[in-house]
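So the structure is just underneath, and the comments pick up after that.
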Amino acid sequence: MRLVTWNVNSIRTRVDRVLAFLDRSQADVLAIQETKCRDDQFPTAAFEAAGYEVAHFGLSQWNGVAIVSRVGLTDVATQFPEQPGFAKAIIEDGPDPLLDVVPPLEARAIGATCGGVRVWSLYVPHGRALGDPHYTYKLAWLEALRTSAQTWADAGDAVALMGDWNVIPLDTDVYNAADFAGKTHVSPPERAAFEAFGKAGYTELTRQFIPEEHAYTYWDYQQLAFPRNKGLRIDFCWASPALAGRASGAVIDRDERKGKGASDHVPVIVDLAD
1 MRLVTWNVNS
11 IRTRVDRVLA
21 FLDRSQADVL
31 AIQETKCRDD
41 QFPTAAFEAA
51 GYEVAHFGLS
61 QWNGVAIVSR
71 VGLTDVATQF
81 PEQPGFAKAI
91 IEDGPDPLLD
101 VVPPLEARAI
111 GATCGGVRVW
121 SLYVPHGRAL
131 GDPHYTYKLA
141 WLEALRTSAQ
151 TWADAGDAVA
161 LMGDWNVIPL
171 DTDVYNAADF
181 AGKTHVSPPE
191 RAAFEAFGKA
201 GYTELTRQFI
211 PEEHAYTYWD
221 YQQLAFPRNK
231 GLRIDFCWAS
241 PALAGRASGA
251 VIDRDERKGK
261 GASDHVPVIV
271 DLAD
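Counting from 1, one number per residue, gives the positions in the sequence shown under full-length UniProt numbering.
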């Protein structure tokens, strides 16, 4: 079975490109991030015509996650247990005990069972800046996910946590680590939150099969970042113990960053043995 994760940076803008990739790659399951649309705006019919079932969770022109599968798609969940929400005013000021206000949930996680594998498409919060409320939210979000992931691993579930993690785990995962000094993505708490999934028993499959330094999955649109290879490695797949042993390979499809209308991320492909 072939699993893929891809931050498409607007599915309506790139639907033709995504469908062409599915046809060319013969992906069985695609975890999509940053769809940037509501559920009623997602091009479901186009994917169904190509033979894929669709699950999407989107609330506005921001965020949005989806899973499309041609090997079954059941038990859809649009959040994981204890997933925190975010609203800047509430985070900064604290919930009003009289109103019992809690931050609203963002469209950043969707899970479904596809071909016997529990696939999660995840769009981890950016963090914005160290000390920003969004940074605190990011760490809380990752910790809640890790707690759930530990429970799933302990239960023996075959789980793939796929997506845009917005964390640069190693200095060699960025074109110039010095440019990120004092910024998000490389801070010790973020890196520790990312590596905590390994301590929970998960294996990051792309690192296992693509250990090369400076193997990037994202290039900004500005300052000729792609031609100059000024990239980041921030798209990953953590596999539970019950799934990791089935992994047979992984590929970063760098060519998808080329040409007109490309996303700033590229697909990351993971192959599983039957």
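All C-beta atoms, glycine included, are put in the ideal place defined by N, C-alpha and C.
Please read these numbers as outputs of a predicted model, since none were measured by experiment.
inquiry  = Within 10 Å of its beta-carbon, does tryptophan 165 have 16 or more other beta-carbons around it, so buried, or fewer, so exposed?
reply    = Here the question's residue 165 lines up with position 165 in the sequence shown. Classification of tryptophan 165: buried, given that the 10 Å Cβ count is 16 or more.
inquiry  = Measuring only the C-alpha atoms, how far is arginine 233 from aspartate 173?
reply    = For the purposes of this step, residue 233 is taken as the residue at position 233 of the sequence shown. For the purposes of this step, residue 173 is taken as the residue at position 173 of the sequence shown. Taking the straight line joining both Cα atoms gives about 5 Å.
inquiry  = Is the beta carbon of glutamine 33 closer than 7 Å to that of asparagine 7?
reply    = Indexing the sequence shown from 1 puts residue 7 at position 7. Indexing the sequence shown from 1 puts residue 33 at position 33. Contact: yes.
ask   = On the three-state DSSP scale, how would you describe aspartate 264?
value = The sequence position of residue 264 within the sequence shown is 264, counting from 1. Correct three-state label for aspartate 264: coil.
request  = Give a yes or no on contact between the stretch 119-131 and the stretch 198-211, applying the rule of three or more CB pairs nearer than 8 Å.
outcome  = no
ask   = Any idea if aspartate 28 is buried or exposed, counting beta-carbon neighbours within 10 angstroms, 16 or more meaning buried?
value = Position 28 of the sequence shown, counted from the first residue, corresponds to residue 28. Classification for aspartate 28: buried.
key: For aspartate 220 and aspartate 264, the rounded distance between their alpha carbons   = Taking the first residue of the sequence shown as position 1, residue 264 is located at position 264. Taking the first residue of the sequence shown as position 1, residue 220 is located at position 220. Cα to Cα, aspartate 264 sits roughly 6 Å from aspartate 220.
message = Using DSSP's beta-bridge definition, name the partner residues of histidine 56.
response = Stepping through the sequence shown from its first residue, residue 56 is reached at position 56. In the DSSP output, where bridge partners are listed per residue, histidine 56 has Ala66.
Range covered by the alpha helix (DSSP H) that runs through valine 15 = Mapped onto the sequence shown, residue 15 falls at position 15. Valine 15 -> alpha helix (DSSP H) spans 11-25.
inquiry  = Using C-beta distances below 7 Å, list every residue in its chain close to arginine 257, excluding the 5 sequence neighbours before and after it, in chain order.
reply    = Looking up residue 257 in the sequence shown gives position 257. Correct list, in chain order: Trp219, Phe226 and Val266.
task = Could you tell me which of Phe180, Gly231, Asp23 and Leu161 sits nearest to phenylalanine 197, measuring between CA atoms?
result = Within the sequence shown, residue 197 is the residue found at index 197, counting from 1. Checking every option, the nearest Cα to that of phenylalanine 197 belongs to Leu161.
task = Would you list the residues sitting across from phenylalanine 236 in a DSSP beta bridge?
result = Walking along the sequence shown from the start, residue 236 turns up at place 236. Phenylalanine 236 is bridged to Gly163.
query = Is proline 241 closer than 7 Å to alanine 149 when the C-beta atoms are compared?
reply = The residue labelled residue 149 in the question sits at position 149 within the sequence shown. The residue labelled residue 241 in the question sits at position 241 within the sequence shown. No.
task = From the DSSP output, read off the bridge partner residues of cysteine 114.
result = By 1-based counting over the sequence shown, the position of residue 114 is 114. DSSP output for cysteine 114 lists Val117 as bridge partner(s).
ask   = On the premise that valine 270 lies in contact with leucine 205, defined as a C-beta separation below 8 Å, what is that separation, rounded to the nearest angstrom?
value = Against the sequence shown, residue 205 aligns to sequence position 205. Against the sequence shown, residue 270 aligns to sequence position 270. Yes, leucine 205 and valine 270 are in contact; Cβ-Cβ is about 5 Å, under 8 Å.
message = Can you find the residues in the same chain that come closer than 8 Å, C-beta to C-beta, to glycine 261, ignoring five residues on each side of it along the sequence?
response = Within the sequence shown, residue 261 is the residue found at index 261, counting from 1. Around glycine 261: Thr13, Arg14 and Arg17.
Nonlocal neighbours in the same chain, by C-beta distance under 6 Å from aspartate 39, ignoring five residues either side = Residue numbering aside, residue 39 sits at position 39 when the sequence shown is read from its first letter. The residues are His56 and Gly58.
ask   = Within 10 angstroms of its Cβ, does proline 104 collect 16 or more other Cβ (buried), or is it exposed?
value = Walking along the sequence shown from the start, residue 104 turns up at place 104. Exposed, by the Cβ-count rule.
key: Contacts around tyrosine 135, its chain only, beta-carbon distance under 7 Å, and the 5 residues preceding and following it disregarded   = Within the sequence shown, the letter at position 135 stands for residue 135. Contacts found: Gly127, Arg128, Ala129 and Thr184.
ask   = So what does tyrosine 216 bridge to, in DSSP terms?
value = Position 216 of the sequence shown, counted from the start, is the residue given in the question as residue 216. DSSP output for tyrosine 216 lists no bridge partner at all.
key: Short Cβ contact (7 Å threshold) for valine 54 with valine 65   = Reading the sequence shown from its first residue, position 54 is the one you call residue 54. Reading the sequence shown from its first residue, position 65 is the one you call residue 65. In this structure, valine 65 does not lie closer than 7 Å to valine 54 by Cβ.
request  = Starting from glutamine 33, trace the beta strand (DSSP E) both ways and give me its first and last residue.
outcome  = Taking the sequence shown and counting its residues from 1, one reaches residue 33 at position 33. It spans 29-33 - the beta strand (DSSP E) in which glutamine 33 sits, taken as one unbroken run.
task = Please determine, among Cys114, Ala77 and Asp132, the residue with the shortest C-alpha to C-alpha distance to alanine 87.
result = Translated into positions along the sequence shown, residue 87 becomes position 87. Sorting Cys114, Ala77 and Asp132 by C-alpha distance to the C-alpha of alanine 87 places Asp132 at the top.
Coil, strand or helix - glutamine 243 by DSSP = Along the sequence shown, read from residue 1 onward, the residue named residue 243 stands at position 243. In the sequence on display, residue 243 carries leucine and not glutamine. In the structure shown, leucine 243 falls within a helical segment according to DSSP collapsed to helix, strand and coil.
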